[in-house]
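The numbering used here runs 386 ahead of the 1-based position in the sequence shown.
We treat Cβ as the ideally placed atom computed from N, Cα and C, and that holds for glycine.
Note that the coordinates shown come from a computational prediction; the quantities given were computed from them, not determined experimentally.
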Amino acid sequence: MNLLVNDSERQFSAISANKKEMKEVYLQFDHSRGMAEQVAEWLDEAAQTLAALPATGTRPSAKCVNWPDVLFDPEDLDWFRESDDRMPRPSAAQVRRMDAALSWLSLIGQSDIKLRRVINMRLVVHPISGMNRWNWEKIGEKMGVTDTTAKRWHKRGCEIIGRKIAGM
C-alpha cells in the first residue's frame, strides 16, 4: 500500500514539474508570432541537437564482442557536407531545449497519432549533413498521402502542441 502511495506521489510531482517546465518554456516564446511556427522551429532545433549528440557507449566492450565495421547504406553515402566531421556537440542549454521539445510529442493525443508519426519522421536528421532523412515526399509515401497533406499534418500537430503549451 505504501508503495502505491509513493508511486502516485512521484507521478504527481512529475506532472507538476512538467507543467512548471511548460510555463517556463511558454515564457520563452515570442507572443507576437504564431505558436505553431515557433513549435516547429524548436522541433527542428531538437532534431539537429539529437543528431549532434555523441553516440558513445552504444556497443558492448571490446573484451566481450568484436563488432564489425559499420557498412553504410548507399543513401547515407549520398549526403554531402564540406567535411566528414560530425556536427559540433550541443551545449547544455540546447540539450535542455531538446528535452523540452521532445516531451511535447506526448501532448498529441492517441486520436491524432498520424500527426505524431509525421513529426517523429521529421525529427530524424543525418548526423553529418544535418539534413532531414525523411523529406516530405518520403513521409507522404510512407503515410499513404501526398507531401502537401504530410506538411499539413505536421503543421496541425505543431498547432495542437502550441495550444496545449499556451493553455498550461
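Item                                                                                                          : Value
Burial state of V511, where buried means 16 or more other Cβ atoms lie within 10 Å                            : buried
E468 burial status per 10 Å Cβ neighbour count (16 or more: buried)                                           : For E468, the predicted structure reports a pLDDT of 48, less than 50, and the residue's modelled location is therefore unreliable. The matter cannot be settled from this model.
Nearest to V504 (by Cα), restricted to the options G420, P474, Q424, L429                                     : L429
Element boundaries [alpha helix (DSSP H), containing T535]                                                    : 533-553
Cα-Cα separation, M421 to Q496                                                                                : 22 Å
Any chain B beta carbon closer than 8 Å to G420                                                               : The chain labelled as chain B is not found in the depicted structure, where only one protein chain is given.
Own chain partners of R369 with C-beta closer than 6 Å, once the 5 adjacent residues on each side are dropped : Outside the shown range of the chain, which is 387 to 554, sits residue 369, and nothing can be said about it.
Status (buried if at least 16 other CB within 10 Å, exposed otherwise) for I546                               : buried
Start and end residues, alpha helix (DSSP H) containing L416                                                  : Rather than Leu, the amino acid found at residue 416 in this sequence is Asp. Looking at the DSSP string, D416 is not in any alpha helix (DSSP H), and its letter there is neither H nor E.
Nearest residue (CA-CA) to M484, options Q434, M473, I551                                                     : Q434
Cβ shell of M507 (< 6 Å), same chain only, five flanking positions each side left out                         : W520, I525
Length of the line joining the Cα atoms of S418 and I551                                                      : 16 Å
Per DSSP, the bridge partner or partners of N518                                                              : V511
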